[in-house]
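Heads up, the thing below is written out as structure tokens.
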């Protein structure tokens, strides 16, 4: 009986020890950091990166349009008749231009590089003081109807006198201009006439062409005379 009570006491002590002992939770396994993901409640806003600053490019200034300075700048219709040096020396190469070619005995009127008018002509007599001046000029004046007169003799008479319907002065120093020449026949407008039967310096034009050129030119229009 004493033995039974002794074993009962031992059993009771064991049960008390078990009940009073702390219970340890199972140790969690190590989780790699890369696999840990934050889960936000549905109502929470996910953090966003601050918006990138707006980049505004400064407007680039367009370069001013310049007249090119190489030989290729001469429009195709002018390239066969006008040197690049003369073309580039003009104040406004794209404006109206009158070109007189002594060797070809021809006159052209250009505007914006395009041929507007053209015609044969007769210049001053070759190899004499009456040769038409070469160079770059401009229209000084235009007069609808004028007497052209030579110097006076000792009696006050003009050495010669003729009427023209269209007078276009470009060489003021020598009083040389373009004008119609009613005394010229159509057959005379060749490239050889000026050698033996040229004018006194002016540029003679066919009567049907002179009014067209007169209407085209303005005071200040460049006139280029070249060989």
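Residue numbers (our numbering): 69 to 295.
The beta-carbon is built from N, C-alpha and C at its ideal position, and this holds for glycine as well.
C-beta contact flag for residue 292 and residue 168 at 8 Å
For the pair residue 292 and residue 168, the CB atoms are nearer than the 8 Å cut-off.
Just mark residue 203 as buried or exposed, buried being the case when its beta carbon has 16 or more other beta carbons within 10 Å.
Residue 203 should be labelled exposed.
If you draw a straight line from the C-alpha of residue 183 to the C-alpha of residue 256, how long is it?
Per the coordinates, the alpha-carbon of residue 183 lies some 24 Å from the alpha-carbon of residue 256.
Kindly indicate which residue of 236, 290, 211 has the alpha-carbon position closest to the one of residue 164.
Across the set 236, 290, 211, the C-alpha of 290 shows the shortest separation from the C-alpha of residue 164.
On a CA-only basis, which of 176, 216, 170 is nearest residue 266? Give me that one, please.
Answer by Cα proximity: 170.
Opening and closing residue of the beta strand (DSSP E) in which residue 261 lies
Careful: residue 261 lies outside any beta strand (DSSP E), inside the alpha helix (DSSP H) at 261-265.
Return the residue from the list 234, 222, 285 that minimises the CA-CA distance to residue 206.
When only C-alpha atoms are compared, the closest one is 285.
Grab the span of the alpha helix (DSSP H) containing residue 182 for me, first residue to last.
Here residue 182 belongs to no alpha helix (DSSP H); instead the beta strand (DSSP E) covers 182-188.
Euclidean distance between Cα positions of residue 239 and residue 186:
As the crow flies, the alpha-carbon of residue 239 is around 21 Å from that of residue 186.
Who are the near neighbours of residue 278 in its chain, counting only those whose CB is closer than 6 Å to its CB and skipping five residues on each side?
Here the set comprises 234, 248.
Compare the C-alpha of residue 275 against each of 191, 237, 177, 232 and name the closest.
Cα-wise, what sits closest to residue 275 is 232.
If we count the other Cβ atoms within 10 Å of its Cβ and call it buried at 16 or more, is residue 258 buried or exposed?
The residue in question, residue 258, is exposed, as its Cβ has fewer than 16 Cβ neighbours within 10 Å.
So what's residue 165 in DSSP terms, helix, strand or just coil?
Of the three classes helix, strand and coil, the one that applies to residue 165 here is strand, per DSSP.
Sort out for me which residues DSSP pairs residue 232 with in a bridge.
214, per the DSSP bridge assignment.
Could you name the residues of the same chain whose beta carbon sits closer than 8 Å to that of residue 244, not counting the 5 residues immediately before and after it, in chain order?
Hits under 8 Å: 192, 200, 201, 237, 238, 269, 270, 271.
Taking the CB atoms as reference points, tell me whether residue 213 and residue 226 lie closer together than 8 Å.
Not in contact: residue 213 and residue 226 (Cβ atoms no closer than 8 Å).
Taking a contact to mean a Cβ-Cβ separation below 8 Å, would you say residue 173 touches residue 154 in this structure?
No, Cβ-Cβ distance for residue 173 and residue 154 is not below 8 Å.
Residue 281 to residue 178, Cα distance in whole Å?
Going from the Cα of residue 281 to the Cα of residue 178 covers about 11 Å.
Counting only beta-carbon separations shorter than 8 Å, does residue 204 have a partner in chain B?
Of the protein chains in this structure there is only one, and it is not chain B.
Neighbourhood of residue 288 by C-beta, 8 Å cutoff - its chain only, sequence neighbours within 5 removed:
Around residue 288, the same chain offers 206, 207 as residues with beta carbons nearer than 8 Å, after the five sequence neighbours per side are excluded.
Taking the alpha helix (DSSP H) that residue 156 falls in, what are its first and last residues?
Where residue 156 is concerned, the enclosing alpha helix (DSSP H) stretches over 152-157.
Just to confirm before moving on: does the CB-CB distance between residue 304 and residue 180 stay below 8 Å?
Shown here, the chain extends from 69 to 295; a query on residue 304 therefore has no answer.
Between 157, 211, 188, 224, which has its C-alpha nearest residue 260's C-alpha?
The shortest Cα separation from residue 260 among 157, 211, 188, 224 belongs to 188.
Could you tell me which of 283, 197, 158, 150 sits nearest to residue 242, measuring between CA atoms?
Closest by alpha carbon: 197.
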